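Per the working numbering, residue 21 is the first one in the sequence shown, and the count goes up by one each step.
Don't be surprised by glycine CBs; every beta carbon is placed ideally from N, CA and C.
Everything numeric in this text was worked out from a predicted model, so none of it was measured.
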Amino acid sequence: MDQLIIRRPMKQEKEQIHQFFSSVITHTFFKEGIAELKAELAEEIETKKTYLDDDFESNGLNRYFLFAYKDDRIIGSISYGPPNSIIVQESKNQMQHLHEIGSLLVDPKFQNQGIGNKLLQGIFQALREKGNTEFCFDSGYKEAQNIWVRKFGDPLISLENYWGENSHHMIWRKKLAEV
21 MDQLIIRRPM
31 KQEKEQIHQF
41 FSSVITHTFF
51 KEGIAELKAE
61 LAEEIETKKT
71 YLDDDFESNG
81 LNRYFLFAYK
91 DDRIIGSISY
101 GPPNSIIVQE
111 SKNQMQHLHE
121 IGSLLVDPKF
131 QNQGIGNKLL
141 QGIFQALREK
151 GNTEFCFDSG
161 YKEAQNIWVR
171 KFGDPLISLE
181 NYWGENSHHM
191 IWRKKLAEV
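Spelled out as C-alpha coordinates, the structure:
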(Lines of atoms letter the chains of each structure in order from A and count residues from 1; the text may use other names and numbers.)
(Lines give C-alpha, C1' and ligand atoms only; values in the text may rest on other atoms or scores of the structure.)
Protein backbone atom coordinates (compact mmCIF):
# COMPACT_ATOMS: atom_id res chain seq x y z
CA MET A 1 0.00 0.00 0.00
CA ASP A 2 1.28 3.44 -0.88
CA GLN A 3 1.74 6.04 1.82
CA LEU A 4 -1.33 6.44 4.04
CA ILE A 5 -1.68 9.87 5.62
CA ILE A 6 -4.10 10.62 8.45
CA ARG A 7 -4.69 14.30 9.09
CA ARG A 8 -7.19 17.05 9.72
CA PRO A 9 -9.29 18.21 6.76
CA MET A 10 -8.76 21.47 4.93
CA LYS A 11 -11.63 23.75 3.90
CA GLN A 12 -10.65 23.59 0.23
CA GLU A 13 -11.35 19.82 0.35
CA LYS A 14 -14.97 20.32 1.34
CA GLU A 15 -16.48 19.25 -1.99
CA GLN A 16 -14.24 16.17 -2.17
CA ILE A 17 -15.27 15.29 1.41
CA HIS A 18 -18.96 15.72 0.56
CA GLN A 19 -18.53 13.35 -2.41
CA PHE A 20 -16.75 10.86 -0.14
CA PHE A 21 -19.61 10.99 2.41
CA SER A 22 -22.24 10.54 -0.30
CA SER A 23 -20.45 7.65 -1.97
CA VAL A 24 -19.59 5.66 1.17
CA ILE A 25 -22.89 6.21 2.98
CA THR A 26 -24.86 5.27 -0.16
CA HIS A 27 -22.75 2.10 -0.46
CA THR A 28 -23.42 1.32 3.21
CA PHE A 29 -27.18 1.67 2.76
CA PHE A 30 -27.08 -0.72 -0.21
CA LYS A 31 -24.90 -3.21 1.67
CA GLU A 32 -27.22 -3.07 4.68
CA GLY A 33 -30.24 -3.67 2.45
CA ILE A 34 -31.85 -0.33 3.32
CA ALA A 35 -31.21 1.61 0.10
CA GLU A 36 -34.95 2.16 -0.31
CA LEU A 37 -34.88 4.50 2.71
CA LYS A 38 -34.12 7.52 0.53
CA ALA A 39 -35.05 10.17 3.11
CA GLU A 40 -32.90 8.53 5.80
CA LEU A 41 -30.00 8.21 3.37
CA ALA A 42 -30.20 11.88 2.45
CA GLU A 43 -30.46 12.83 6.13
CA GLU A 44 -27.40 10.76 7.04
CA ILE A 45 -25.33 12.43 4.32
CA GLU A 46 -26.54 15.91 5.30
CA THR A 47 -25.75 15.20 8.96
CA LYS A 48 -22.12 14.38 8.07
CA LYS A 49 -21.89 17.58 6.03
CA THR A 50 -23.24 19.57 8.97
CA TYR A 51 -20.73 17.91 11.30
CA LEU A 52 -17.92 18.86 8.91
CA ASP A 53 -19.14 22.48 8.84
CA ASP A 54 -19.17 22.44 12.64
CA ASP A 55 -15.56 21.24 12.63
CA PHE A 56 -14.48 23.99 10.23
CA GLU A 57 -16.43 26.73 12.02
CA SER A 58 -15.13 25.78 15.49
CA ASN A 59 -11.62 24.82 14.30
CA GLY A 60 -12.15 21.35 15.75
CA LEU A 61 -13.45 22.46 19.15
CA ASN A 62 -17.09 21.35 18.76
CA ARG A 63 -16.56 18.51 16.32
CA TYR A 64 -13.18 17.11 15.32
CA PHE A 65 -12.51 15.16 12.12
CA LEU A 66 -9.58 13.14 10.87
CA PHE A 67 -9.35 11.81 7.32
CA ALA A 68 -7.26 9.08 5.76
CA TYR A 69 -5.65 9.95 2.42
CA LYS A 70 -3.89 7.82 -0.14
CA ASP A 71 -2.40 9.58 -3.16
CA ASP A 72 -4.36 12.75 -2.22
CA ARG A 73 -7.60 10.76 -2.36
CA ILE A 74 -9.85 10.58 0.71
CA ILE A 75 -10.33 6.94 1.66
CA GLY A 76 -11.53 7.19 5.26
CA SER A 77 -12.98 9.46 7.94
CA ILE A 78 -13.63 9.56 11.67
CA SER A 79 -14.77 12.23 14.10
CA TYR A 80 -15.69 12.96 17.66
CA GLY A 81 -18.18 15.42 19.04
CA PRO A 82 -21.18 15.73 21.31
CA PRO A 83 -23.19 12.51 21.70
CA ASN A 84 -26.26 12.18 19.53
CA SER A 85 -29.79 12.29 20.92
CA ILE A 86 -30.20 8.49 20.92
CA ILE A 87 -27.13 8.05 23.14
CA VAL A 88 -28.18 10.85 25.50
CA GLN A 89 -31.78 9.67 25.76
CA GLU A 90 -31.15 5.94 26.04
CA SER A 91 -28.34 6.38 28.58
CA LYS A 92 -30.66 8.60 30.63
CA ASN A 93 -28.16 11.46 30.30
CA GLN A 94 -25.32 9.34 31.72
CA MET A 95 -23.23 9.87 28.58
CA GLN A 96 -24.09 13.46 27.70
CA HIS A 97 -20.70 14.68 28.99
CA LEU A 98 -18.69 12.22 26.86
CA HIS A 99 -17.43 12.61 23.32
CA GLU A 100 -19.07 10.34 20.79
CA ILE A 101 -16.82 8.78 18.18
CA GLY A 102 -18.58 8.61 14.86
CA SER A 103 -18.39 9.12 11.12
CA LEU A 104 -15.99 6.17 10.81
CA LEU A 105 -16.26 5.54 7.10
CA VAL A 106 -13.85 3.73 4.80
CA ASP A 107 -14.04 3.68 1.02
CA PRO A 108 -15.29 0.17 0.06
CA LYS A 109 -12.21 -0.37 -2.14
CA PHE A 110 -10.00 0.08 0.94
CA GLN A 111 -11.98 -1.79 3.57
CA ASN A 112 -10.41 -4.66 5.53
CA GLN A 113 -6.93 -3.14 5.15
CA GLY A 114 -6.56 -1.69 8.67
CA ILE A 115 -7.52 1.86 7.73
CA GLY A 116 -10.40 1.96 10.20
CA ASN A 117 -8.04 0.82 12.98
CA LYS A 118 -5.53 3.55 12.08
CA LEU A 119 -8.29 6.15 12.12
CA LEU A 120 -9.46 4.87 15.51
CA GLN A 121 -5.93 5.11 16.91
CA GLY A 122 -5.68 8.67 15.59
CA ILE A 123 -8.95 9.75 17.18
CA PHE A 124 -8.09 7.99 20.47
CA GLN A 125 -4.82 9.96 20.56
CA ALA A 126 -6.65 13.23 19.85
CA LEU A 127 -9.09 12.50 22.69
CA ARG A 128 -6.24 11.66 25.09
CA GLU A 129 -4.42 14.87 24.19
CA LYS A 130 -7.53 16.82 25.15
CA GLY A 131 -7.66 15.09 28.55
CA ASN A 132 -10.53 12.69 27.87
CA THR A 133 -10.61 9.34 29.64
CA GLU A 134 -13.82 7.88 28.17
CA PHE A 135 -15.84 7.96 24.98
CA CYS A 136 -19.05 6.52 23.62
CA PHE A 137 -20.35 5.46 20.23
CA ASP A 138 -23.36 3.78 18.71
CA SER A 139 -24.39 1.92 15.61
CA GLY A 140 -27.54 0.83 13.86
CA TYR A 141 -25.71 -0.89 11.00
CA LYS A 142 -25.56 -4.68 11.34
CA GLU A 143 -22.17 -5.11 9.72
CA ALA A 144 -20.60 -2.37 11.84
CA GLN A 145 -22.18 -3.82 14.98
CA ASN A 146 -20.46 -7.15 14.30
CA ILE A 147 -17.11 -5.38 13.98
CA TRP A 148 -17.66 -3.33 17.16
CA VAL A 149 -18.68 -6.37 19.21
CA ARG A 150 -15.51 -8.18 18.09
CA LYS A 151 -13.34 -5.14 18.79
CA PHE A 152 -14.97 -3.65 21.91
CA GLY A 153 -17.16 -6.39 23.36
CA ASP A 154 -20.87 -6.32 23.99
CA PRO A 155 -22.60 -2.94 23.97
CA LEU A 156 -23.61 -1.29 27.21
CA ILE A 157 -27.08 -0.71 25.78
CA SER A 158 -28.78 -2.83 23.14
CA LEU A 159 -32.07 -1.55 21.79
CA GLU A 160 -33.78 -4.56 20.26
CA ASN A 161 -35.81 -3.98 17.09
CA TYR A 162 -35.17 -0.22 17.36
CA TRP A 163 -35.18 0.25 13.58
CA GLY A 164 -37.70 -2.52 12.88
CA GLU A 165 -37.74 -6.27 13.26
CA ASN A 166 -34.20 -7.63 13.68
CA SER A 167 -32.73 -4.13 13.23
CA HIS A 168 -31.19 -3.24 16.55
CA HIS A 169 -29.33 -0.20 17.81
CA MET A 170 -26.29 -0.60 20.06
CA ILE A 171 -24.47 1.86 22.32
CA TRP A 172 -21.00 1.43 23.81
CA ARG A 173 -19.16 3.34 26.54
CA LYS A 174 -15.44 2.69 26.83
CA LYS A 175 -12.42 3.94 28.73
CA LEU A 176 -9.52 5.14 26.57
CA ALA A 177 -7.11 3.22 28.82
CA GLU A 178 -8.82 -0.01 27.71
CA VAL A 179 -8.37 0.53 23.97
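Query	Result
At the level of alpha carbons, what is the spacing between Y182 and M190?	9 Å
Within a Cβ cutoff of 8 Å, which residues of the same chain sit near Q36, ignoring the five residues on either side of it in sequence?	I94
In chain order, which alpha helix (DSSP H) runs of at least 4 residues are fully inside the region 88-122?	105-110
Return yes when the Cβ of I65 is within less than 7 Å of the Cβ of G96, no when it is not.	no
Using a Cβ-Cβ cut-off of 6 Å (strictly less than) and excluding sequence neighbours within five positions of P128, which residues of its own chain qualify?	H47
For the alpha helix (DSSP H) containing F49, name the first residue and the last one.	K34 to K51
Hey, F85 and S123 are a contact pair by Cβ (cut 8 Å); roughly how many whole angstroms apart?	7 Å
Straight-line CA distance for N166 to A146?	25 Å
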